[in-house]
Amino acid sequence: MRLLFSLCLAVFLMHSTSAGAASRDAVEQQFQKWLATTVAADATRRGVSRATLTRAFDGLKLDWSLPDLAPPGEPEKHEAPQRQAEFSGPARYFNEPKVAQLAKAGQARMQQWSKTLAAIEKTYGVPASIVVAIWGRESGYGAAKLPYSALSALATEAFMGARKQSFYGELLAALEILQGDHISQSEMKSSWAGALGQPQFLPSKYLTTAVDFDRDGKRDIWNSVPDVLGSIANYLRENGWQPGVGWGVEVVLPPNVSCSLEGPEKGRPLAEWQAMGVRTVSGGPVTGRNPKQIGHLMMPAGRLGPAFIVSKNFYILKTYNESDLYALFIGHLADRMRGAGPMAQSWADIGTFKRSDVGRMQERLEARGVDVGTADGLVGFKTRIAIGEWQTANGRAATCFPDAALLKAIR
């Protein structure tokens, strides 16, 4: 019986393996047909030549190692619950030894590339420290390895990714880069999601904002540091960076000022924040040189973490990565490279909870007509405001940030 069972198991495994291989072969054939018809037609309309397409598609195959794949014929995948700093403890995002290490390395890069950075700041109006901070955060000042072929990653995700619609335009943009930017397919390395080079630009952003700052005839954000730094600065300028305006400052928020006043939609003149008792952590005024300038309260952990008054430039940093914590990290790292110390206020330990728990709370609030932004499980500013207003309405001290118990309590 044992022998019979072993033989049956072996036959089953052989059948499963051969069926899986056959299934993949069929998907690969569909992929090649899709490239030759749909992609080729759309790329041609964008000005990509037949010769470029032939080179691009030669040997191009699906990368089955990528995440979030939904191959044709397989059941649709649903996002699994996640744990991330954005919805548990923001303190993880600001690990002090790592921040200090990045700041020290950034200071060395600022000195090494001081002439280039001075020219970039003069051209684009973006401070050198901000540019270098983004460089450090995105690729460790160019040290991070990019193991994926951008074209293979984008084509795979556009053909059978769980979010394929968001990748298709980027695939076409990558083909445009091959057509006109003197970058070879072998050089075009990316993250698994197709983010290119040291600045981690999506191909569409490369086309509109990458620059040839070293003037060697190509916009090389993989190997040319001047092109990398110039492209980051140009990206911020194109998205509305205001020269001569800081990103923000850490403040002490008086107990009588509600944390639900935060966000880009509730800005007010710095003089008004000053009149409400808001001060910098050193005790100084928040008005700066321009009391009429609009400032916004930003508290990524509500009352459970540091508070900031930020400018429009903070929200320009968010165009690079739509995360309050990302923009705050860049601003803080830039300050550290210019000699500032760690944040004065600490982050509370709020424990951990699942993104799905936050999502269900958001859905309950939405059912009551409350604007939480999007019920995506992320604790964005609209969700923080909604939590604070619920707490106030229910006689609780407003923290504007959830914990495991509050996620269950909000109904």
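Counted the way mature numbering (1 follows the signal peptide of the UniProt record, and there is no 0) counts, the sequence shown spans residues -21 to -1, 1 to 390.
Cβ atoms here follow ideal geometry from the backbone N, Cα and C, with glycine treated the same way.
Straight-line CA distance for residue i to residue j?
| i | j | result |
| --- | --- | --- |
| E117 | T331 | 26 Å |
| S306 | W43 | For the sequence presented, residue 306 should be read as Ala rather than Ser. Straight-line Cα distance between these residues: approximately 33 Å. |
| residue 400 | M340 | Nothing can be reported for residue 400: it is not among the residues displayed for the chain, which extend from -21 to 390. |
| R334 | L45 | 22 Å |
| E58 | R268 | Below a pLDDT of 50, predicted positions are generally treated as unreliable, and E58, at 48, falls in that range; the measurement from the model is reported next regardless. Between E58 and R268, the C-alpha separation is close to 48 Å. |
| G52 | I109 | 46 Å |
| F287 | P264 | 13 Å |
| Q8 | T17 | 14 Å |
| H311 | D382 | 26 Å |
| G85 | V358 | 30 Å |
| D47 | R142 | 8 Å |
| P248 | L283 | 25 Å |
| M89 | R216 | 20 Å |
| E149 | M255 | 47 Å |
| residue 449 | D336 | Within the shown structure, residues of the chain are numbered from -21 to 390, placing residue 449 beyond reach of any answer. |
| E155 | V27 | 6 Å |
| L39 | A137 | 13 Å |
| A70 | I309 | 15 Å |
| D314 | S2 | 54 Å |
| A82 | M316 | 5 Å |
| G140 | L151 | 16 Å |
| Q61 | L386 | Any reading at Q61 needs caution, since the residue's pLDDT is 43, under 50, leaving its predicted position unreliable; the model's value is listed next. Their Cα atoms are separated by approximately 16 Å. |
| K197 | N300 | 25 Å |
| Q272 | D193 | 36 Å |
So what does DSSP say about residue i, is it helix, strand or coil?
| i | result |
| --- | --- |
| I99 | helix |
| Y294 | helix |
| A35 | helix |
| Q370 | helix |
| A280 | coil |
| G262 | coil |
| G274 | strand |
| K40 | coil |
| F380 | coil |
| T16 | helix |
| T23 | helix |
| P106 | coil |
| T353 | coil |
| P76 | helix |
| I329 | coil |
| Q63 | Note that Q63 has pLDDT 43, beneath the 50 cutoff, so the model's placement of it is unreliable and no number is given. |
| G320 | coil |
| W92 | coil |
| V337 | helix |
Looking only at DSSP bridge pairs, what is residue i linked to?
| i | result |
| --- | --- |
| S128 | K168 |
| V289 | G227, H275 |
| G140 | L48 |
| L175 | S169, F180 |
The stretch 102 to 116 touching the stretch 219 to 227, judged by at least three CB pairs closer than 8 Å = They touch, by the three-pair rule.
query = Would the stretch 28 to 37 and the stretch 155 to 162 be scored as touching if the rule is three or more Cβ pairs under 8 Å?
reply = Touching, yes, given that three or more Cβ pairs across the two stretches are closer than 8 Å.
ask   = Which residue spans inside the stretch 177 to 257 form an unbroken beta strand (DSSP E) run of at least 3?
value = The stretch 177 to 257 contains these whole beta strand (DSSP E) runs: 227 to 231.
ask   = Between the stretch 277 to 286 and the stretch 238 to 251, do at least 3 Cβ pairs fall closer than 8 Å?
value = Flag = yes, the stretch 277 to 286 and the stretch 238 to 251 touch.
query = Okay, do the stretch 66 to 78 and the stretch 169 to 182 touch, 3+ Cβ pairs below 8 Å being the bar?
reply = Counting C-beta pairs closer than 8 Å gives fewer than three between the stretch 66 to 78 and the stretch 169 to 182, which falls short of the contact rule.
task = Count the C-beta pairs between the stretch 311 to 322 and the stretch 361 to 380 that are closer than 8 Å, then say yes if the count reaches three, no if not.
result = Flag = no, the stretch 311 to 322 and the stretch 361 to 380 do not touch.
query = Taking one C-beta from the stretch 225 to 232 and one from the stretch 180 to 198 each time, how about it: are there three or more such pairs within less than 8 Å?
reply = Segments in contact, no.
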